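Undergrad: Handing you a structure now.
In the UniProt record's numbering, the protein residues as written are 1 to 235.
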């Protein structure tokens, strides 16, 4: 089995002083991407991994949650370094703001999403950006139905992968098994949590794929350690 780190990013800021928590500065982000490119990491879309049984060399999956407009600069950097990434869309907020947070960040419009280059893959980040563990089976099904309706209405190409809002999903039985059944019924091929560990590929459980939470105030050394080991307890 091959090691496969999956990096999770959120907001991008031009100002270095804003690089903290879920917001990373353009300078730090470019340093990450340059490192991946110069060290010969192969980047993948999740759709590409669906039919693979093995990977060669050093590999990475890059993900961005929320499709805020400030992530468009990340799109340019990804193209600059010939990297692929998956952007997860909260469909209720397309063309609006991140109302689940503080409402200050603009979310990309449907036109902007349609205009993204081929190195960007789209996935689901739920419809309403609510914690799945707080919803009933019927409400989760409704959330997915709303996602699929929005995808059709907006004429978007979206891979059947979902990044769970807040990394949250039911972890205790029987809710966990019922949640997985809902995912399968809705054709969801991959579900991404946080976990902060390095995945082994092929995935043992494709509906509990782990991502590494990259923070804006991580030092470059910390980024490299996370890429190699996941989140270390000493951090």
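Glycine included, each C-beta is placed from N, C-alpha and C at the ideal position. Just so it is clear, the structure is predicted and the values come from calculations on it, not from any experiment.
Using 10 angstroms around the beta-carbon of residue 46, count the other beta-carbons present and answer buried if the total reaches 16, otherwise exposed.
TA: Position 46 of the chain shown, counted from the first residue, corresponds to residue 46. Buried: at least 16 other Cβ atoms inside 10 Å.
Undergrad: In chain order, what residues of the same chain lie with their CB nearer than 7 Å to the CB of residue 31, ignoring the 5 residues before and after it?
TA: The residue given as residue 31 occupies position 31 in the chain shown. Result list for residue 31: 220, in chain order.
Undergrad: If you compare alpha carbons, which of 147, 81, 123 and 183 is closest to residue 37?
TA: Along the chain shown, one-based indexing puts residue 37 at 37. The option with the nearest alpha carbon to residue 37 is 81.
Undergrad: Could you name the residues of the same chain whose beta carbon sits closer than 6 Å to that of residue 95, not counting the 5 residues immediately before and after it, in chain order?
TA: Mapped onto the chain shown, residue 95 falls at position 95. Once the five neighbours on either side are set aside, the close Cβ partners of residue 95 are 109.
Undergrad: With DSSP as the reference, label residue 221 as helix, strand or coil.
TA: Mapped onto the chain shown, residue 221 falls at position 221. Three-state DSSP puts residue 221 in a helix.
Undergrad: Secondary structure at residue 65, three-state DSSP: helix, strand or coil?
TA: Residue mapping note: residue 65 aligns to position 65 of the chain shown, counting from 1. Look at residue 65 here: in three-state DSSP terms it is strand.
Undergrad: In angstroms, rounded to a whole number, what distance separates the CA positions of residue 143 and residue 24?
TA: To locate residue 143, count along the chain shown from 1; it is residue 143. To locate residue 24, count along the chain shown from 1; it is residue 24. Approximately 29 Å, taken between the alpha carbons.
Undergrad: By a C-beta neighbour count over all protein chains shown, 10 Å radius and 16 as the cutoff for buried, is residue 235 buried or exposed?
TA: Translated into positions along the chain shown, residue 235 becomes position 235. Residue placement at residue 235 cannot be trusted, given a pLDDT of 46 that sits under 50; what the coordinates show is reported in the next sentence. So residue 235 ends up on the exposed side.
Undergrad: Within 8 Å, do at least three Cβ pairs link the stretch 159-177 to the stretch 124-135?
TA: yes
Undergrad: Going by other Cβ atoms of all chains shown within 10 Å of its Cβ, with 16 needed for buried, is residue 65 buried or exposed?
TA: Walking along the chain shown from the start, residue 65 turns up at place 65. Burial call: buried.
Undergrad: Leaving aside the five residues before and after residue 200 along the sequence, list all residues of the same chain whose C-beta is less than 8 Å from its C-beta, in chain order.
TA: Here the question's residue 200 lines up with position 200 in the chain shown. Same-chain partners within the cutoff: 1, 2, 3 and 4.
Undergrad: One question on the structure: do residue 152 and residue 196 come within less than 8 Å of each other, judged by their Cβ atoms?
TA: Mapped onto the chain shown, residue 152 falls at position 152. Mapped onto the chain shown, residue 196 falls at position 196. No, these two residues do not count as a Cβ contact at 8 Å.
Undergrad: Can you check whether the CB of residue 120 is closer than 8 Å to the CB of residue 61?
TA: The residue labelled residue 61 in the question sits at position 61 within the chain shown. The residue labelled residue 120 in the question sits at position 120 within the chain shown. No, the pair does not count as a contact, with Cβ atoms beyond the cut-off.
Undergrad: One question on the structure: do residue 113 and residue 75 come within less than 8 Å of each other, judged by their Cβ atoms?
TA: Residue mapping note: residue 113 aligns to position 113 of the chain shown, counting from 1. Residue mapping note: residue 75 aligns to position 75 of the chain shown, counting from 1. No.
Undergrad: Three-state secondary structure (DSSP) at residue 162?
TA: As a working mapping, residue 162 is identified with position 162 in the chain shown. Strand.
Undergrad: For residue 180, which residues of its own chain have a beta-carbon under 7 Å away from its beta-carbon, when the five flanking residues on both sides are left out?
TA: One-based indexing of the chain shown puts residue 180 at position 180. Within the same chain, residue 180 has close Cβ partners 207.
Undergrad: Per DSSP, which residues does residue 213 bridge with? Please list them.
TA: Mapped onto the chain shown, residue 213 falls at position 213. Note: residue 213 sits in a beta bridge opposite 8.
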